[in-house]
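For the sequence shown, position 85 (counting from the first letter as 1) is numbered 229 according to the working numbering, and the numbering increases by one without interruption. From the three backbone atoms N, C-alpha and C, an ideal C-beta is built for every residue, glycine too. The structure under discussion appears below in the form of structure tokens.
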Amino acid sequence: MVSKEAPLFSPKPPETALLDFYLSLDKQEKRKHFACTLRTAEMVGVSRRTIQLWIEFGQIQAIRVSKKYQVVLSSVQEYLNETMATS
Numbered sequence: 145m146v147s148k149e150a151p152l153f154s155p156k157p158p159e160t161a162l163l164d165f166y167l168s169l170d171k172q173e174k175r176k177h178f179a180c181t182l183r184t185a186e187m188v189g190v191s192r193r194t195i196q197l198w199i200e201f202g203q204i205q206a207i208r209v210s211k212k213y214q215v216v217l218s219s220v221q222e223y224l225n226e227t228m229a230t231s
């Protein structure tokens, strides 16, 4: 017989863990680790739409806070390093 009880331990999905991390930071730390799509686009030198597409295609990590994405800046750096290495 199969038990229908919830497992004792179920890991959080990555998005939930990322949101928990975001919410635990103070304002200054949030600016160090996260940026909105506009700020990210300005830092990288691409359009805001390009950043949105990278998020949609899963090339960079972001969480949705209210109606805005907060981009994980380290994921942008990793993505850019990977694309530079392959070109």
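Please return the same chain residues whose Cβ sits closer than 8 Å to the Cβ of residue i, not counting the five positions on each side in sequence.
{"i": "K212", "result": "C180, T181"}
Report buried or exposed for residue i, applying the criterion of at least 16 other Cβ atoms within 10 angstroms of its Cβ.
{"i": "Q221", "result": "exposed"}
Between residue i and the rest of its own chain, which residues show a CB-CB distance below 6 Å, the 5 nearest in sequence each way excluded?
{"i": "Y223", "result": "Q203, I204"}
Between the C-alpha atoms of residue i and residue j, what's the straight-line distance to the nearest angstrom?
{"i": "V215", "j": "S231", "result": "24 Å"}
{"i": "I195", "j": "F178", "result": "13 Å"}
{"i": "E159", "j": "Y166", "result": "10 Å"}
{"i": "L197", "j": "V190", "result": "11 Å"}
Got a sec? Which residues, its chain only, sit under 7 Å from residue i by beta carbon, not counting five neighbours each side?
{"i": "A206", "result": "I199, Y213, Q214, V215, V216"}
If the criterion is Cβ atoms closer than 9 Å, does the pair residue i and residue j meet it?
{"i": "R175", "j": "A185", "result": "no"}
{"i": "V209", "j": "L163", "result": "yes"}
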